[in-house]
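Visitor: Below you'll find the structure I mean.
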Amino acid sequence: MNTLSTRLKSVPSFTLPLIAAIVIVLLPQLGLSVTNQRQVLLIGFLTLLVSGLNLSLGYAGELALGQPAIYATGAYVAAYMGEHGSTDIVLQIVAAVAAALVVGLLTGIPGLRLGSWSLAMTSFFLVLLIPDIANIFPGATGGMVGAVGIENGTFFGVALTNYGYYLVVVLSVIFWLAFMRNLVTSRHGIALRVMRQSPVLASSLGISVFRTKLLAYALGAVPAGIAGALFANLDHYVSPETFSFALAISILAASILGGATSVYGAVFGAVIMQLGPSVSTSFQQDALIFYGILLIVGGVLLANGVSGLANNAWKRYVLKGERATRTKHAASTEFHFPAMAGAKLSVKGVSKSFGGNVALRDVDLDAEAGKVTALIGPNGSGKTTLLNMICGFYPTDAGTIDLDGVQLDHRRSYQIANLGLARTFQTPVIPAGITVAEVVLSGRYSPERVSIAAAALRFPRYWKVHSHDQEQVAEILDIVGLTDLAHEQADSLPLGTRRMLEIARALVSKPRVLLLDESASGLDEDEVARLAMLIRRVRDAGGTVILVEHNFRLVLSLADTIHVLAQGEIIASGTPADIEVDPRVLREYLGVKDVDAAAAAIEADTTGPQR
Amino acid sequence: MMTLIWSSLTIGAVYALVATGYNVVFTASGVFNFAHAQLMMLGVFLAYAGLVVLKWPIIVVFLFAGVVVFLAAALEERIAIRPVRLAEAQLVTTVGVATLINGAAQRIWGPSPLSVPYFASNQTVTVFGGRVLPDEIVIIATTVVVVILLMLLSKRTMIGLAMLAIAENRESALLRGVNVRRLALGAFAFSGLLAGLLGPIIGPQTFAAAGLASAIALYGFVALAIGGFGSLPGGLIGGFVVGFAEEFTARYMNSNYPDVIVFVILLAVLLLRPNGLFGKARERAV
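Line by line, the protein sequences are chains V and S. Each residue of the first sequence is one higher than the one before, starting from 334 at the first, in our numbering. Each residue of the second sequence is one higher than the one before, starting from 763 at the first, in our numbering.
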């Protein structure tokens, strides 16, 4: 079992799909009949359509019902070109993809603004419009009769034979699936999964939620455009009937059936949906009922579809052996902490109210590089509000926030993250379904960028950043002592470990300001000690640390400057020594009446009073 | 001209009713029920079955349609909504319910439109210089009354206030002792009851047709987007806006254009006023 699993793991994950691809390419040579070749082609088109939907539904979490409309756009563009002498199929594909992208963007931008149902509806509407648009432009589309007289396709001047056309289709599908696989296994795939589960986390990692969703939706239009151009060359005939709402539903059903969050699931889904209906004639009549039930059951039960089951089995049987053989790797205490370029964060005269509720009034606060600045205060005093304003989740009512002179207020949260501000959350935000190493990797999104094209086509730039990613993730995991857990599912870890993981994710971006929101709460003593050591290291390396904390003792021992918030106002600022004896702080924050006794108690090193 | 206005108001009222159904469920449970138009269509088919096939008295038909669609909607909530957590998965399951109802309706009643008789006088009358059927006036009046009643209910009753509380903040409503699950079920069932009761009223205008739901779903959604999600009066006005846009383009351009024009209106509203004319903008929170 063990040797088998190691051997299985050393095989690259694309081996099986590659073998399948070669077989499919050779099928006509091996004597596949023309009728069955046609089925393969139709499965190919459907695979492209489903794969595009997977990108928007499975990875970005947006239901787009408009694939038939994009498909139609591609088909009509290619048909028009074919009727007017531009028969080169590559050229047709390029033009169809461009047109598909335009339609995708035009409908995606307004559709995405209100949330997922809004995109579902606008894209559904798009499908309904196909016959109308065809009728409005009868010259170009042939109206309801359809476009006829499309000339036979050519490939760089050579007329396409049947097998030539078959090859173009199959290779297009293979190329797209490879593109998609590379994309979702790259950091962009992780970014999509992070965004889908927590938009707030995504934007604090420097990912623009709107742009990423739009990108996924628009990219999902690309394979539909390709499929359209290919389809126009199948029968040299295009009519609006092909692009019905029933097609949209069967694409959705195929996506759910094969697993929306998968690359090759699209092929499974397409095979079933293409071959299934031809099994029985009575099926045609009941197709809608069947699809309806399938969508309900699929939506409820198989969130991950067939390929999800395969993936789980793979994890259970192959990766299990590996876990057992792994040796315990102790967290290193001696490590090289790279220098950090901290920046000065200044908050000046910031006020905020929600309705009539004043949350913050005229708050000033400076955090210097190479210093730990703590912010303490009772619950409801406005700490989190201030933090959220620094991170750009709320606009300020008055006052300014700047980072080394660059104004932060009124910028969007992802822009602020890209300026070098990293944070952790009061309740750790760790997306489900990704590993510890991938969580840390998601923090590398903003410091070093790789374009989608570079990632999906594996340009040298991708490999360069990829190796940096690997090095730095490993380094940070070592520093926080999580190397052993690198390949574990991150969301199932205990609280203390998740807090450490959040700090690792923040640190890997080499932040100019590190914001820690109650990182010590829920940690045991060892973990608190490790946290304190980490914070000191960051400070000594020149980083700017802002600590929002309830653990009074930890703050006293770590901070260079402490600011105390109460009822939305800073009531005291100073060194730990000042704050420790400040009567107002003791009264307001610690809630003690007898100031001397309390000061004596802290002196005597009791556990820090907490509220 | 006045005749055209009457027909615009009538068709607009139907869209407003769809938007109202979306709103009731959306406010109480945060779910966008893609299948609400299908529930209304089911009500119309049941009205046809009751009045034409079974020849029941009108009161019985109202009860029959109301109860059956009430149960269908409650069943939808239990089977397709409650076990599903992710919003996008709920969209998939509600699309599934919509597809299932469409398919079933087509299977039972066939693909061609069936005429639903109006239960009272069928004599055209002239009001404000425009010719109008009594059933058209009933549709318009019913819609306005339904929306006003729902507005009063949501502001004056505990259930209404609890629904608003859920829409505002689900968790604090839970903590205040609001039974969020039961209210979600109740909202679905109530929207179904409403859809069923409306069947005999809108049926004479819309006909019982398997393609009915898709059309009114989209136009009802545009009404909702124009009026703003969660706004009852917004949905009413949005419905009328869409009704006018559709009827006037069909009259003065040609029948290919209404869908396109309404779609352009939808895109424009989403781009320029994504919260609709009556919706409130919300601050984001962590």
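Glycine is no exception: its CB is placed at the ideal position from the N, C-alpha and C atoms. Computed from a predicted structure; not experimentally measured.
Would Ile-836 (chain V) and Ile-709 (chain V) be called neighbours here (beta carbons separated by less than 8 Å)?
Guide: Translated into positions along the first sequence, residue 836 (chain V) becomes position 503. Translated into positions along the first sequence, residue 709 (chain V) becomes position 376. No, the pair does not count as a contact, with Cβ atoms beyond the cut-off.
Visitor: For the stretch 403-413 of chain V and the stretch 348-359 of chain V, state whether three or more C-beta atom pairs, one from each stretch, are separated by less than 8 Å.
Guide: Short answer: they don't touch.
Visitor: From Ala-663 (chain V) to Ala-929 (chain S), what distance separates their C-alpha atoms?
Guide: Counting from 1 along the first sequence, the entry for residue 663 (chain V) is found at position 330. Counting from 1 along the second sequence, the entry for residue 929 (chain S) is found at position 167. Any reading at Ala-663 (chain V) needs caution, since the residue's pLDDT is 49, under 50, leaving its predicted position unreliable; the model's value is listed next. Distance between the alpha carbons of Ala-663 (chain V) and Ala-929 (chain S) is about 49 Å.
Visitor: List the residues of chain S whose Cβ lies closer than 9 Å to the Cβ of Gly-625 (chain V), in chain order.
Guide: Locating residue 625 (chain V) in the first sequence gives position 292, where the first residue counts as 1. Within chain S, the residues near Gly-625 (chain V) are Val-857, Gly-858, Val-859, Ala-860, Thr-861, Leu-862, Ile-863, Asn-864, Gly-865, Ala-866.
Visitor: Are the Cβ atoms of Gly-486 (chain V) and Tyr-498 (chain V) separated by less than 8 Å?
Guide: Numbered from its first residue, the first sequence carries residue 486 (chain V) at position 153. Numbered from its first residue, the first sequence carries residue 498 (chain V) at position 165. Cβ atoms of Gly-486 (chain V) and Tyr-498 (chain V): closer than 8 Å.
Visitor: Nearest chain S C-beta to Leu-538 (chain V) closer than 8 Å, yes or no?
Guide: Numbered from 1 along the first sequence, position 205 holds the residue referred to as residue 538 (chain V). With 8 Å as the cut-off, Leu-538 (chain V) does not count as an interface residue toward chain S.
Visitor: Assign Trp-768 (chain S) to one of three DSSP states: helix, strand, or coil.
Guide: For the purposes of this step, residue 768 (chain S) is identified with residue 6 of the second sequence, where counting begins at 1. Helix.
Visitor: Starting from Gly-385 (chain V) and walking both ways along the alpha helix (DSSP H), at which residues does that stretch end?
Guide: Residue numbering aside, residue 385 (chain V) sits at position 52 when the first sequence is read from its first letter. Unbroken alpha helix (DSSP H) run through Gly-385 (chain V): 367-386.
Visitor: Relative to chain S, which residues along the stretch 486-510 of chain V have a C-beta separation below 7 Å, given in chain order?
Guide: Here the close residues number zero.
Visitor: How about Val-633 (chain V): is its C-beta nearer than 8 Å to some C-beta of chain S?
Guide: Reading the first sequence from its first residue, position 300 is the one you call residue 633 (chain V). Closer than 8 Å to some Cβ of chain S, the Cβ of Val-633 (chain V) qualifies, so yes.
Visitor: Based on Cα-Cα distance, which residue from S:Val-787, S:Ala-842, S:Tyr-777, S:Gly-828 lies nearest to Ile-629 (chain V)?
Guide: Stepping through the first sequence from its first residue, residue 629 (chain V) is reached at position 296. That would be S:Ala-842, whose Cα lies nearest to the Cα of Ile-629 (chain V).
Visitor: Could you please tell me which residues of the stretch 896-912 of chain S, in chain order, have their CB closer than 9 Å to any CB of chain V?
Guide: So nothing in the stretch comes that close.
Visitor: Report yes if the C-beta distance between Val-776 (chain S) and Thr-968 (chain S) is below 8 Å; otherwise report no.
Guide: Within the second sequence, the letter at position 14 stands for residue 776 (chain S). Within the second sequence, the letter at position 206 stands for residue 968 (chain S). Closer than 8 Å, so yes.
Visitor: Under the three-state reduction of DSSP, which class applies to Glu-821 (chain V): helix, strand or coil?
Guide: Counting from one through the first sequence, the residue named residue 821 (chain V) turns up at place 488. Glu-821 (chain V): coil per DSSP, three-state reduction.
Visitor: Determine the contact status of Gln-961 (chain V) and Thr-768 (chain V), defining contact as a CB-CB distance below 8 Å.
Guide: Absent from the structure is residue 961 (chain V), since the part of chain V shown begins at 334 and ends at 944.
Visitor: Taking Cβ positions only, does Thr-406 (chain V) come closer than 8 Å to chain S?
Guide: Locating residue 406 (chain V) in the first sequence gives position 73, where the first residue counts as 1. By this cut-off, Thr-406 (chain V) is not an interface position.
Visitor: Flag Ala-1043 (chain S) as yes if its beta-carbon sits less than 8 Å from any beta-carbon of chain V, otherwise no.
Guide: Position 281 of the second sequence holds residue 1043 (chain S). Unreliable positioning characterises Ala-1043 (chain S) in this predicted model, as indicated by a pLDDT of 47, which lies under 50. A coordinate reading is not provided.
Visitor: For Arg-656 (chain V), I'd like the list of residues in its chain whose CB is within less than 6 Å of its CB, leaving aside the five on either flank, ordered along the chain.
Guide: In the first sequence, residue 656 (chain V) corresponds to position 323, counting from 1. Confidence is the limiting factor: at Arg-656 (chain V) the pLDDT is only 47, short of 50, which leaves the residue's position unreliable, though a coordinate-based value still follows. Around Arg-656 (chain V): no qualifying Cβ.
Visitor: For Ile-998 (chain V) and Leu-774 (chain V), which I take to be in contact (beta-carbon distance under 8 Å), what is that distance rounded to the nearest angstrom?
Guide: Limits of chain V in this structure are 334 at one end and 944 at the other, which puts residue 998 (chain V) out of reach.
Visitor: At the level of alpha carbons, what is the spacing between Leu-698 (chain V) and Asn-785 (chain S)?
Guide: Numbered from 1 along the first sequence, position 365 holds the residue referred to as residue 698 (chain V). Numbered from 1 along the second sequence, position 23 holds the residue referred to as residue 785 (chain S). Each residue's alpha carbon lies about 45 Å from the other.
Visitor: Determine the closest residue to Glu-701 (chain V) out of V:Trp-450, V:Phe-726, V:Leu-880, with distance taken between C-alpha atoms.
Guide: Here residue 701 (chain V) refers to the residue found at position 368 when the first sequence is read from its first residue. Of the candidates V:Trp-450, V:Phe-726, V:Leu-880, the one whose C-alpha sits nearest the C-alpha of Glu-701 (chain V) is V:Leu-880.
Visitor: Is the CB of Ile-841 (chain S) under 8 Å away from at least one CB in chain V?
Guide: Numbered from its first residue, the second sequence carries residue 841 (chain S) at position 79. It does: the Cβ of Ile-841 (chain S) has a partner Cβ on chain V nearer than 8 Å.
Visitor: Give a yes or no on contact between the stretch 586-601 of chain V and the stretch 454-471 of chain V, applying the rule of three or more CB pairs nearer than 8 Å.
Guide: With a cut-off of 8 Å, the stretch 454-471 of chain V and the stretch 586-601 of chain V do not count as touching, because too few Cβ pairs lie within range.
Visitor: Along chain S, in chain order, which residues have C-beta atoms closer than 7 Å to that of Leu-621 (chain V)?
Guide: For the purposes of this step, residue 621 (chain V) is identified with residue 288 of the first sequence, where counting begins at 1. Near Leu-621 (chain V) (Cβ distances below 7 Å), the residues of chain S are Thr-861, Asn-864, Gly-865, Gln-868.
Visitor: What residue range is occupied by the uninterrupted alpha helix (DSSP H) comprising Asn-945 (chain V)?
Guide: As shown, chain V starts at 334 and ends at 944. That puts residue 945 (chain V) outside it, with no answer to give.
Visitor: Val-1022 (chain S) CB to nearest chain V CB: under 8 Å?
Guide: Taking the second sequence and counting its residues from 1, the one referred to as residue 1022 (chain S) is at position 260. Val-1022 (chain S) counts as touching chain V.
Visitor: In chain order, what are the residue ranges of uninterrupted alpha helix (DSSP H) at least 4 long that sit wholly in the stretch 981-1019 of chain S?
Guide: Qualifying alpha helix (DSSP H) stretches, in chain order: 994-1014.
Visitor: So, is Ala-862 (chain V) buried or exposed, given that buried needs 16 or more other C-beta atoms within 10 angstroms?
Guide: Reading the first sequence from its first residue, position 529 is the one you call residue 862 (chain V). Looking at its Cβ environment, which holds fewer than 16 other Cβ atoms inside 10 Å, Ala-862 (chain V) is exposed.
Visitor: I believe Val-555 (chain V) touches Gly-377 (chain V) by the beta-carbon criterion, under 8 Å. Please report the beta-carbon distance rounded to the nearest angstrom.
Guide: Position 222 of the first sequence, counting from 1, holds the residue named residue 555 (chain V). Position 44 of the first sequence, counting from 1, holds the residue named residue 377 (chain V). At roughly 15 Å, the Cβ-Cβ gap does not stay under 8 Å, so Val-555 (chain V) and Gly-377 (chain V) are not in contact.
Visitor: Measuring only the C-alpha atoms, how far is Val-533 (chain V) from Phe-758 (chain V)?
Guide: Residue 533 (chain V) sits at position 200 when you count from the first residue of the first sequence. Residue 758 (chain V) sits at position 425 when you count from the first residue of the first sequence. C-alpha separation (whole angstroms): 10 Å.
Visitor: Alpha carbon to alpha carbon, what distance is there between Thr-782 (chain S) and Gly-989 (chain S)?
Guide: Start at 1 with the first residue of the second sequence, and residue 989 (chain S) comes out as number 227. Start at 1 with the first residue of the second sequence, and residue 782 (chain S) comes out as number 20. Each residue's Cα considered, the two are about 10 Å apart.
Visitor: Among the candidates V:Leu-627, V:Arg-520, V:Arg-446, V:Phe-623, whose CA atom is the shortest distance from the CA of Val-542 (chain V)?
Guide: Counted from its first residue, the first sequence places residue 542 (chain V) at position 209. The candidate whose alpha carbon is nearest that of Val-542 (chain V) is V:Arg-446.
Visitor: What residues from chain S crowd round Trp-450 (chain V), counting only those whose CB sits closer than 7 Å?
Guide: As a working mapping, residue 450 (chain V) is identified with position 117 in the first sequence. Per Cβ cutoff of 7 Å: Phe-794, Leu-853.
Visitor: Give me the chain V residues within the contact set of Asn-1018 (chain S), using Cβ-Cβ distance strictly less than 7 Å, ordered along the chain.
Guide: Your numbering for residue 1018 (chain S) matches position 256 in the second sequence. Going along chain V in sequence order, the residues near Asn-1018 (chain S) (Cβ under 7 Å) are Asp-465, Asn-468, Ile-469.
Visitor: In angstroms, rounded to a whole number, what distance separates the CA positions of Gly-829 (chain V) and Leu-810 (chain V)?
Guide: In the first sequence, the residue the question calls residue 829 (chain V) occupies position 496. In the first sequence, the residue the question calls residue 810 (chain V) occupies position 477. Cα-Cα distance, rounded: 15 Å.
Visitor: My output table needs one value for Phe-792 (chain V): the three-state DSSP class, helix, strand or coil.
Guide: For the purposes of this step, residue 792 (chain V) is taken as residue 459 along the first sequence, with counting starting at 1. Reduced to three states, the DSSP call for Phe-792 (chain V) is coil.
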